[in-house]
Ligand SMILES: Nc1ncnc2c1ncn2[C@@H]1O[C@H](COP(=O)(O)OP(=O)(O)OP(=O)(O)O)[C@@H](O)[C@H]1O
Ligand SMILES: [Mg+2]
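Chains as they are written, first to last, in UniProt numbering: chain A, 1 to 222; chain B, 1 to 344.
Structure (structure tokens):
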């Protein structure tokens, strides 16, 4: 019955593409979380009135973040081809998509981290200082835990954007559901393949949103 | 012995709009174990002053010595160590909402590197001390303002500090909760011999718990002394206004005007008692010794940390000379007298 409705769908191919999408998204999310958090912390700490206040450093980091955040993703992939080739050895396959995915998403997430950190009551940071906390203690025990719900909901939004990015990267040869929908679905006019790929992308997005919302509500004690 | 010494301390902020002198050549000595209050209106520089005491701000010039340490010139590890011996509580409590009561109180102990087992014991002691048994695992969002400040106090005391700094610690609380927090502070001061510096804009707070008070205006200390002494003889205009906050209720002025109309004959006098004088049968003595009638119109006695302080309005009738002699007699009893009728 399913085979009749979806005559061109080869399930093992779909499965392989889904795993690729999940792999690209997963690795990119983890790397984006780490890199974006570091960048966001630097943006926050070097801004006016904060622990490492430094106008020049802040301007430089902000400029980098803004530039990479503004480049359309599809163009970023093309711009990064030489870099990717150097780093991964090829520009095809899931791993080849990772540099562009991470470099595209980390600045986006860094801004969200910065906003989350700015939401923290200055008084709490001051209280920690008054207790004799070092900067490292303030980062690990005040800034990150106090902004955690916002960090999690931010990474949820970023992860969903990354699913979209992997589909775009797929068109350029990175594999995954986007690649499948384009090559097998669009180019060979197999609409059923495009349809199944789309549904799967949607399912992935919904699951990410659900997990993100669940975790955020669990850790938010405000 | 002096726990805190400030010598010619000035703090100037450089802002875009120009420089602001928040603390202006302040010299101050605070003794070990006393409760010292600093009162002033908003913008007087109180917070700036108290923040100098734990090095959250560095003075532009002058010396800040707290518990034998030169707070203006120490940095890094030494400064962090010094801060562990100076507790601080805040108007808005500044608790970490991501931590429970227990974890919030444990935070300064974590900073001090106290091992987990000892930490737990100490937190339990502190929870007892501030009366939060049963709420250990609540989050700050589940507590009332008074309970939050108790957590703040427990947290500030965790590392056995020598000094406790209170920046408007009761300003966000209702009068009843304010009183319970003030009582807790007095209790801690007595039990632990802790030196407490508190800043406020409410004379009520000073009256209730302070031994000495400094009045701050435009960055300067304009008056300081024993609380009772300042209540008895406020010198500066601003101090008089603060004293009035507690001894003269709003409606007094109206009442007095009304009384003057009601008693066109004789004299209405205002008596100000302090300490022991407040407990003598003064009016009875006056009536017995002089040919005058004395009628108490209105009175209020406030209890300060050091003794009673009271204001009494009395209507006196009789021969002019006799009334004058009675007033002289009252003055000799260490009671300040102000004749109201004549001022009208
Ligand atoms: N970081 C700062 N930079 C510039 N100016 C400041 C800074 N902190 C305080 N000031 C200024 O210094 C003056 C004294 O401020 P401070 O906060 O010490 O007053 P305060 O007596 O505590 O007032 P309040 O009762 O409103 O808390 C004010 O004019 C204030 O604007
Ligand atoms: Mg203040």
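The beta carbon of each residue, even a glycine, is placed where N, CA and C say it ideally should be.
These numbers come from a predicted model, not from an experiment.
Each of B:13, B:15, B:20, B:22, B:40, B:42, B:43, B:44, B:45, B:46, B:47, B:48, B:201 has a C-beta closer than 6 Å to some heavy atom of ligand 1; these make up the full list, in chain order. Leaving aside the five residues that flank residue 331 of chain B on each side, the residues in its chain whose CB is nearer than 8 Å to its CB run, in chain order, 337. Of the residues assessed, residue 37 of chain B falls on the buried side of the cut-off, its CB having 16 or more other CB atoms within 10 angstroms. Under the 8 Å criterion on CB atoms, residue 88 of chain B is classed as interfacial with respect to chain A. In this structure, DSSP gives residue 91 of chain A a state outside helix and strand, which the three-state scheme calls coil. Of all residues in the region 44-59 of chain B, only 54, 56 come within less than 7 Å of chain A when Cβ atoms are compared, listed by chain position.
Secondary structure at residue 114 of chain B: coil, using DSSP grouped into helix, strand and coil.
Residue A:110 holds the alpha-carbon nearest to the alpha-carbon of residue 45 of chain A among A:208, A:160, A:110. As for any alpha helix (DSSP H) of minimum length 4 sitting wholly inside the region 65-148 of chain B, the runs are 76-84, 101-111, 116-130, ordered along the chain. In the displayed model, residue 46 of chain A falls within coil according to three-state DSSP, outside both helix and strand. For residue 164 of chain A, the enclosing alpha helix (DSSP H) begins and ends at 144-169. When C-beta distances to chain B are compared with 8 Å, the residues of the region 116-142 of chain A below that value are 121, 123, 124, 126, 127, 128, 129, 130, 131, 132, 133, 134, 137, 141, 142, in chain order. DSSP, reduced to helix, strand and coil, places residue 290 of chain B outside both helices and strands of the structure shown, so it counts as coil. Beta bridge pairing from DSSP links residue 165 of chain B with B:88, B:197.
The three-state secondary structure of residue 47 of chain B, taken from DSSP, is helix.
Distance check between residue 196 of chain B and each of B:182, B:262, B:203 places B:182 closest, using alpha-carbon atoms only. Taken atom to atom, the span from the alpha-carbon of residue 70 of chain A to that of residue 62 of chain A is near 12 Å. Beta bridge pairing from DSSP links residue 13 of chain B with B:20.
Taking the Cα of residue 78 of chain B as reference, the smallest distance to any Cα among A:28, A:150, A:182, A:131 is reached at A:131. Distance from the C-beta of residue 168 of chain B to the nearest heavy atom of ligand 2 is below 7 Å. When beta bridges are read from the DSSP output, residue 214 of chain B appears opposite B:38, B:224. Look at residue 146 of chain A: its C-beta is under 8 Å from a C-beta on chain B.
Residues are counted here when their Cβ sits less than 8 Å from a Cβ of chain A; for the region 189-201 of chain B the count is zero.
The closest CA to that of residue 323 of chain B, considering only B:306, B:286, B:303, is found on B:286.
Residue 245 of chain B and residue 311 of chain B have their alpha carbons spaced roughly 13 Å apart.
When Cβ pairs closer than 8 Å are counted between the two stretches, the region 82-100 of chain B is seen to touch the region 130-139 of chain B, the count reaching three or more.
If you draw a straight line from the Cα of residue 242 of chain B to the Cα of residue 333 of chain B, it is about 25 Å long. DSSP links residue 273 of chain B through a beta bridge to B:310. Residue range 336-339 is occupied by the beta strand (DSSP E) that includes residue 336 of chain B. When secondary structure is reduced to three states using DSSP, residue 8 of chain B falls in the strand class. Across the set A:219, A:157, A:122, the C-alpha of A:122 shows the shortest separation from the C-alpha of residue 91 of chain B. For residue 174 of chain B, there is no enclosing alpha helix (DSSP H), as DSSP marks it with neither H nor E. Using a CB distance cut-off of 8 Å, residue 80 of chain B counts as an interface residue toward chain A. The beta carbon of residue 121 of chain B sits closer than 7 Å to none of the beta carbons in its chain outside the five residues before and after it. About 11 Å separates the beta carbon of residue 18 of chain A from that of residue 163 of chain A, a gap too long to meet the 8 Å contact definition.
Taking 4 residues as the minimum length, the region 92-117 of chain A contains no alpha helix (DSSP H) run wholly inside it.
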